[in-house]
Structure formats: C-alpha cells, structure tokens
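Asks: Take the position in the sequence shown, starting the count at 1, then add 116; the result is the number in the working numbering.
C-beta: ideal position from N, C-alpha, C; glycine also.
Would you mind keeping the following structure in view while I ask a few things?
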Amino acid sequence: MSNFLFDFDGTLADSLSAIVLITNRLAPEFGFRPTPLAEVEALKGLTARQLIRYSGIPLLKIPALLRRVRAELSQQGGHITPCPGVIEVIRTLYAQHHTLAVVTSNSPATVEAFLAAHDLTHCFLSVDGGGTLFRKGKLIMRCLEKHQLVPRETVYVGDEIRDIDAAQFAGVRPVSVTWGFNSRPLLMKMSPDWLIDDPELLLAIADQL
117 MSNFLFDFDG
127 TLADSLSAIV
137 LITNRLAPEF
147 GFRPTPLAEV
157 EALKGLTARQ
167 LIRYSGIPLL
177 KIPALLRRVR
187 AELSQQGGHI
197 TPCPGVIEVI
207 RTLYAQHHTL
217 AVVTSNSPAT
227 VEAFLAAHDL
237 THCFLSVDGG
247 GTLFRKGKLI
257 MRCLEKHQLV
267 PRETVYVGDE
277 IRDIDAAQFA
287 GVRPVSVTWG
297 FNSRPLLMKM
307 SPDWLIDDPE
317 LLLAIADQL
C-alpha cells in the first residue's frame, strides 16, 4: 500500500473564497491592498512569493497575518465546502488501505473540524500543520519520520507550486491538482510527477505506486 499526504486549502477544502474575504477585511490593519474577487482567477498564475509582492504586505507582518487568518478560519472549519469529488476519493483510498495524512500550513484545528464535519476523521492517520508558508517540506519530513513512512512510497498532493517544492525537499513525489489556487500552466512549469484535473485520478496514481 502507498502513502498519500494531502495539502488542505485548495486540495481537500474549497476555502479560497473564505481566505480572500478574511484577508481583505484585515488588509487595512496590516497595510496591504485587498484583492477584488474579480481578480482572484488572474492571480492563480502567481507564485506565493509573487502574490506577497503583489499585495504589498510588509514581510515582517506576514507571521501575524497568518496567525489571524488561521484563527478566523478555525471558527469556520466545520462549514468549509470540500472540493468537488474529493470526499468520495478519500473514502475509497482509505477503504483500499492506503495511508492518508494531512500536512498543511493551516491550523490543525481547522482541518480537524472540517474532517469531523464530513465524517473523514477516521480516514487520516494524522494532521500536521502550522508554521510559515514556506516550511511545508520540514512538516512533510516530520510526518514521514513520525509514522515511519517510506518516501519512495509516498506522494504529496497539493494545489500550489510551493507544494511541489515541499514534496521535492522532503524526497516524496509531488501530485499537483488543478482545482485549487495555482493555474495549470504554472503548475506544469514545475514538472510535478503527476498533474491531475479530477480527484478520481488519484485512484489511478495509487495503482502506480
């Protein structure tokens, strides 16, 4: 059996609109420009670092902003909508005895509330989260070590190019999904091991591992 580590926002959970609304409300307090909802689709072609530059947020304020966003999202965790088709695929992977875990820069409390709301808690071995935007690689390595997972039998499923970077840093194979934040052309430039447009294709990947 193989190991599937999942990003949360944009991969399992359709939380983008909630995040945009929260950050826009906090924009005046933290000194950056809000993002009009009409511009969100165009911003999917930007990396996380480019998005930070676009917003104009002072770098020193990013940790405090992340804490506020996580705190507000944690109150909505049970109400966040799953990405279409993901729930059924998670249940199938679990039924096939694959190991599943979540590794995210979001708060574990938000993820746990989401999983409980959709009766998925039992499907996941663990939820690892928090930290900065760019330390997912270390979180993945910690998850591998904690559960004694073999890297070559493990994939990390995410929707951003920083998820590809994190997977490669940790020595696992990246699976990029196109239903989240970053656009297909941007993800393709980073040459993930798999680039998929439908959650059901994760079942085919499981057969290849």
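(1) Considering only the alpha carbon of each residue, which of A322, P315 and Q324 lies closest to A129?
(2) In terms of alpha-carbon separation, which member of P224, A286, G287 and I277 lies closest to L311?
(3) Go through its chain and collect everything with a Cβ distance to A283's Cβ below 6 Å, but skip five positions before and after it.
(4) Can you give me the C-alpha to C-alpha distance between G287 and L159, rounded to a whole angstrom?
(5) Hey, quick one: how far does the beta strand (DSSP E) through T270 stretch, first residue to last?
(6) If you count every other CB in all the chains shown that lies within 10 Å of the CB of L175, and 16 or more means buried, which is it?
(7) Buried or exposed: where does K252 fall if 16 or more other Cβ atoms within 10 Å of its Cβ makes it buried?
(8) If you pair each beta-carbon of the region 214–230 with each one of the region 159–170, do three or more pairs fall below 8 Å?
(9) Would you identify the three-state DSSP class for T237, choosing helix, strand or coil?
(10) Going straight from the alpha carbon of Q192 to that of S131, what length do you get?
(11) Round the Cβ separation of L241 and T270 to the nearest angstrom and send it over; I've been treating them as touching at under 8 Å.
(12) Report all residues from its chain with a CB closer than 6 Å to the CB of D279; omit the five preceding and five following residues, and keep chain order.
(13) Taking T220 as the reference, which of P152, M117, D125 and L142 has the closest Cα?
(14) With DSSP as the reference, please indicate the residues paired to I312 in a beta bridge.
(15) Give me the Cα-Cα distance between L318 and D275, rounded to the nearest whole angstrom.
(16) Among R184, P301 and P198, which residue has its Cα nearest to the Cα of L137?
(17) Tell me whether V352 sits in a helix, a strand or coil according to DSSP, three-state version.
Replies: The structure says:
(1) P315
(2) I277
(3) Y272 and P290
(4) 29 Å
(5) T270 to G274
(6) exposed
(7) buried
(8) no
(9) helix
(10) 10 Å
(11) With 8 Å as the limit, L241 and T270 do not qualify as a contact, their Cβ atoms being about 12 Å apart.
(12) D123
(13) D125
(14) V293
(15) 14 Å
(16) R184
(17) Given that the chain is displayed from residue 117 to residue 325, the structure contains no residue 352 and the question cannot be resolved.
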